[in-house]
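Chains as they are written, first to last, in the working numbering: chain A, 1 to 116; chain B, 117 to 233.
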């Protein structure tokens, strides 16, 4: 079974500081993708960053970067220079290409507060 | 970027009536669309996977006769909550994967807040 675990229900960070959100996953598949999605108060899901499992290089999108440790099945998100607009729920998700049953497996989310 | 439009964003209906929620991919074709339900401060719960031209695949525990899904075209999927009851009140979100996109991200609609009174 595929699972995604986010062990931090809530996190907080000071504006301009750096914060890391943790995510671990379990899958027996070799072909999969990992995502971080952001859900602000508007509840619109927004893709933050994605990582292909076959790539060793960690993905980076501006202030957002990941630490992908494939052997440890860990996929943490680092937000640098945190801004007030970063306050949101963050979900880690796993997508695997397995026949016809392709879907996202979601973590429970981490609520991030950014303090001015 | 790809846009998914979900309508309505909010709906209030009386208990016993049916409500239809639309999910449209505006600038791409979506062979597969997903319907989620999200309770307050919780994660997304997949209800069903909608495939164009075929029957939807429902997750375990989701009543297919209550949550009717139709995916009649490559740009439109609908979710109908039949004989709605207060316990069906929730936030419903659709998402779509681009046809031919291998491993590409899913694009999400804005969500629909359903309140059954």
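Just so you know, even glycine gets a beta-carbon here, dropped at the ideal spot from N, CA and C. This one's a predicted model, so the numbers in the text were calculated from it and none came from an experiment.
For residue 190 of chain B, the secondary structure class from DSSP, reduced to helix, strand or coil, is coil.
In the three-state reduction of the DSSP assignment, residue 86 of chain A falls in the helix class. Listed by position along chain B, the residues whose Cβ is nearer than 7 Å to that of residue 50 of chain A are 221.
Residue 152 of chain B: member of the beta strand (DSSP E) spanning 148-154, first to last residue. For residue 7 of chain A, there is no enclosing beta strand (DSSP E), as DSSP marks it with neither H nor E. Between residue 51 of chain A and residue 23 of chain A a beta carbon distance of about 11 Å is seen, past the 8 Å cut, so the two are scored as non-contacting. Beta-bridge partners assigned by DSSP to residue 197 of chain B: B:135, B:183.
Within 10 angstroms of the beta-carbon of residue 227 of chain B lie 16 or more other beta-carbons, which makes it buried. Between residue 67 of chain A and the set A:27, A:82, A:49, A:83, the nearest pair of CA atoms involves A:49.
Exposed is the label assigned to residue 119 of chain B, since fewer than 16 other Cβ atoms lie within 10 Å of its Cβ.
Residue environment analysis places residue 84 of chain A among the exposed positions, since fewer than 16 neighbouring C-beta atoms fall within 10 angstroms of its C-beta.
Close to residue 36 of chain A, with beta-carbon spacing below 9 Å, lies no residue of chain B; the smallest spacing is near 10 Å.
A straight-line Cα-Cα distance of about 17 Å links residue 59 of chain A and residue 18 of chain A.
A check of alpha carbon separations from residue 134 of chain B across B:197, B:233, B:143 identifies B:197 as the nearest.
Taking a contact as a CB-CB distance under 8 Å, the pair residue 32 of chain A and residue 53 of chain A counts as one, their CB atoms being some 5 Å apart.
Neighbours of residue 104 of chain A across chain B, judged by C-beta separation under 7 Å: 222. Around the beta-carbon of residue 110 of chain A, 16 or more other beta-carbon atoms lie within 10 Å, marking it buried. For residue 115 of chain A, the enclosing beta strand (DSSP E) begins and ends at 110-115. The residue from A:77, A:29, A:43, A:3 with its alpha-carbon nearest to that of residue 11 of chain A is A:77.
In the DSSP annotation of this structure, the continuous segment of the beta strand (DSSP E) that includes residue 163 of chain B starts and ends at 160-167.
Beyond the five residues adjoining it in sequence on each side, residue 16 of chain A comes within less than 7 Å, by CB distance, of 81, 82 in the same chain, given in chain order.
Proximity of residue 11 of chain A to chain B, defined by a Cβ-Cβ separation below 8 Å, is not satisfied.
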